[in-house]
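Below is one structure, written out as structure tokens, with a few remarks after it.
Protein chains: 2
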Amino acid sequence: MDRTVKSYEGDLRHLRDLIARMGGLAERQVADSAYALVRRDVELAGEVVSRDAPIDALEREVDAFCVRLLALRQPMAGDLRFIIAALKISQDIERIGDYARNVAKRAIIISGQPFLGGVNGFQWMAQMVQRNLKDSIDALLREDAELAERVWAADAPVDDIYTGIFREMLTHMMEDPRNITAATHMMFIAKNFERIGDHATNIAETAHYAINGAILPDERPKADISADLPSTQATA
Amino acid sequence: MDRTVKSYEGDLRHLRDLIARMGGLAERQVADSAYALVRRDVELAGEVVSRDAPIDALEREVDAFCVRLLALRQPMAGDLRFIIAALKISQDIERIGDYARNVAKRAIIISGQPFLGGVNGFQWMAQMVQRNLKDSIDALLREDAELAERVWAADAPVDDIYTGIFREMLTHMMEDPRNITAATHMMFIAKNFERIGDHATNIAETAHYAINGAILPDERPKADISADLPSTQATA
Chain A
1 MDRTVKSYEG DLRHLRDLIA RMGGLAERQV ADSAYALVRR DVELAGEVVS RDAPIDALER
61 EVDAFCVRLL ALRQPMAGDL RFIIAALKIS QDIERIGDYA RNVAKRAIII SGQPFLGGVN
121 GFQWMAQMVQ RNLKDSIDAL LREDAELAER VWAADAPVDD IYTGIFREML THMMEDPRNI
181 TAATHMMFIA KNFERIGDHA TNIAETAHYA INGAILPDER PKADISADLP STQATA
Chain B
237 MDRTVKSYEG DLRHLRDLIA RMGGLAERQV ADSAYALVRR DVELAGEVVS RDAPIDALER
297 EVDAFCVRLL ALRQPMAGDL RFIIAALKIS QDIERIGDYA RNVAKRAIII SGQPFLGGVN
357 GFQWMAQMVQ RNLKDSIDAL LREDAELAER VWAADAPVDD IYTGIFREML THMMEDPRNI
417 TAATHMMFIA KNFERIGDHA TNIAETAHYA INGAILPDER PKADISADLP STQATA
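Here the protein sequences line up with chains A and B, keeping their order. Following this note's numbering from start to finish, the first sequence increments by one per residue and tops out at 236. Following this note's numbering from start to finish, the second sequence increments by one per residue and tops out at 472.
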């Protein structure tokens, strides 16, 4: 095999490895932040906070490597789309890392207080978005357009759980003002998981484009639920 | 002048125009969402919601055009960095549009209730992040690395205002449970403006890289303030 071609393929493989590694780290951050939250594990939460920097560093590595690849290899068609997708997806993964870190920070703050409401909602949400994140990146790496479409359409249940948590926290706030601070943090935590789900959807959309060059329809089957809640709903 | 060169420059100019247009639309969305919020202008808020789609469409146009440019022109060095930057920045602007739409949606929900706290905080925050957004895109388009650095370092006041609003809303919640729903939306609105500021910082960072190829330091002078608040602070 031609040596240049071989090393070009090696380059593409390296880029795939970088994305896989970034995705793996982010998945773990999402899982651990949720675990730290529901188990009141301050130590683990602290680890999650400190483990965000390597994800940021990987994003920069992906960026620099993509620029190198584009400059030296002048890739075409599918390879070009994959590189563009890697650039965009690394940005999404970096944001996911930020949200997980934010969950961990808030988990530390409220660790001294009793857990408001059921832990199930948070665990489900975290598991779903972690799964969507994993699947969206798998879809990219395995060039599985069908899986990408599935993830892209799978965001609605996450939004439903988020809405449930949002309402539950409002109830806790109204029942006892001493719950207000913790419930507020819990709402923002739920919002963080919802945003992580959003970014997983973005990744799936980008992966789909990378695989077959076709862009998914404008309207995703998702809505910003809490902003769509009528204001009377919670105070009723 | 060589025709190919001329049309290559035309392509780059077109890409700059697309980014300028996207940035301009997003700026207006940020300004109008804040205006709709503080003036209780439901009609304007509705317009902001409906004006998000053109920004999303422009993001897709930027993506497609960048892929075309990379495939057909095989740009090098500064041009290549600019194209990569455009890809990343369009993603940031698209998110900013989402946040502005979310502000507008929440503004509609709480429009029937009296404004909690002072409007000044929100107006300042919105103006600051709108300014940072404008400056970060100007920095890219004018290749002004110094301006990019200035925006990159300018995010701290936004965070301070956000923290102030967050505390104020907690106080309103504790004073009267009937404020809880509206105060919660106000907190999320403030958080949206803070995130818009974050993305403006990202844009500045990317612009800086596009201009001189150098990456800004790992740690930005910004922190997620509400997650850093001790839990006792608000309940004290």
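Every residue, glycine too, gets a C-beta built ideally from N, C-alpha and C.
- Between the alpha carbons of Arg249/B and Gly449/B lies a gap of roughly 20 angstroms.
- With respect to the C-alpha of Thr407/B, the residue from Ala322/B, His444/B, Ala419/B, Trp360/B having the closest C-alpha is Ala419/B.
- Judged by pairs of C-beta atoms under 8 angstroms, the segment 30-38 of chain A does not touch the segment 285-303 of chain B, as fewer than three such pairs exist.
- For Ala139/A, the enclosing alpha helix (DSSP H) begins and ends at 120-142.
- If the five residues before and after Leu18/A are omitted, its C-beta is found closer than 7 angstroms to the C-beta atoms of Leu58, Glu61, Val62, Phe65, all from its own chain and listed in chain order.
- Contacts between Arg81/A and chain B, judged by CB atoms closer than 9 angstroms, involve Val303 in chain order.
- Val129/A sits close to Val158/A, with the two beta carbons spaced by under 8 angstroms.
- At a Cβ-Cβ threshold of 8 angstroms, Lys324/B and Thr437/B do not count as neighbours.
- In this structure, the CA atom of Leu141/A is about 32 angstroms from the CA atom of Arg252/B.
- The three-state secondary structure of Arg60/A, taken from DSSP, is helix.
- By the C-beta criterion, the segment 427-436 of chain B is judged not to be in contact with the segment 307-318 of chain B, since fewer than 3 inter-stretch pairs fall below 8 angstroms.
- When C-alpha distances from Arg342/B are compared across Asp374/B, Ala446/B, Thr417/B, Gly259/B, the shortest belongs to Thr417/B.
- Here the alpha carbon of Met405/B sits roughly 16 angstroms from the alpha carbon of Met186/A.
- By the rule that beta-carbons nearer than 8 angstroms mark a contact, Met361/B does not touch chain A.
- Nearest CB-CB separation between Ile416/B and chain A: below the 8 angstroms threshold.
- Interface criterion not met: the Cβ of Met186/A is under 8 angstroms from no Cβ in chain B.
- The beta carbon of Ile373/B does not come within 8 angstroms of any beta carbon belonging to chain A, so the residue lies off that interface.
- Close partners of Gln366/B in chain A (Cβ separation under 8 angstroms) are lacking, with about 20 angstroms as the shortest Cβ gap.
- Look at Ala45/A: its C-beta is not under 8 angstroms from any C-beta on chain B.
- Between Ala148/A and Ala104/A, the C-beta spacing is not below 8 angstroms.
- Counting C-beta atoms within 10 angstroms of its own C-beta, Met22/A has 16 or more neighbours from the protein chains shown and is therefore classed as buried.
- When C-alpha distances from Phe122/A are compared across Asn102/A, Ile161/A, Asp138/A, the shortest belongs to Ile161/A.
- Under a 10 Å Cβ-count criterion, Ala45/A is classified as buried, with 16 or more other Cβ atoms of the shown protein chains found around its own Cβ.
- By the criterion of a C-beta distance shorter than 8 angstroms, Asp292/B is surrounded in its chain by Glu330, Gly333, once the five residues flanking it on both sides are discounted.
- Secondary structure note for Ala107/A: its alpha helix (DSSP H) is the uninterrupted segment 77-109.
- Between Ala267/B and Ala362/B a beta carbon distance of about 7 angstroms is seen, short of the 8 angstroms cut, so the two are scored as contacting.
- Cβ proximity to chain A below 8 angstroms picks out nothing from the segment 374-385 of chain B.
- Closer than 8 angstroms to the CB of Gln91/A there is at least one CB belonging to chain B.
- Interface flag for Ile84/A against chain B is set, since a Cβ pair is found closer than 8 angstroms.
- Residues of chain A whose Cβ lies closer than 8 angstroms to the Cβ of Pro413/B are, in chain order, Met173, Met174, Pro177.
- For Leu12/A, no chain B residue has a Cβ inside 8 angstroms of its Cβ, as the nearest lies near 15 angstroms away.
- Asp11/A sits close to Arg73/A, with the two beta carbons spaced by under 8 angstroms.
- Close partners of Gln29/A in chain B (Cβ separation under 9 angstroms) are lacking, with about 15 angstroms as the shortest Cβ gap.
- Going by DSSP, Leu352/B is part of no alpha helix (DSSP H) at all; its letter is neither H nor E.
- At a cut-off of 8 angstroms, the C-beta of Leu18/A has no neighbouring C-beta in chain B.
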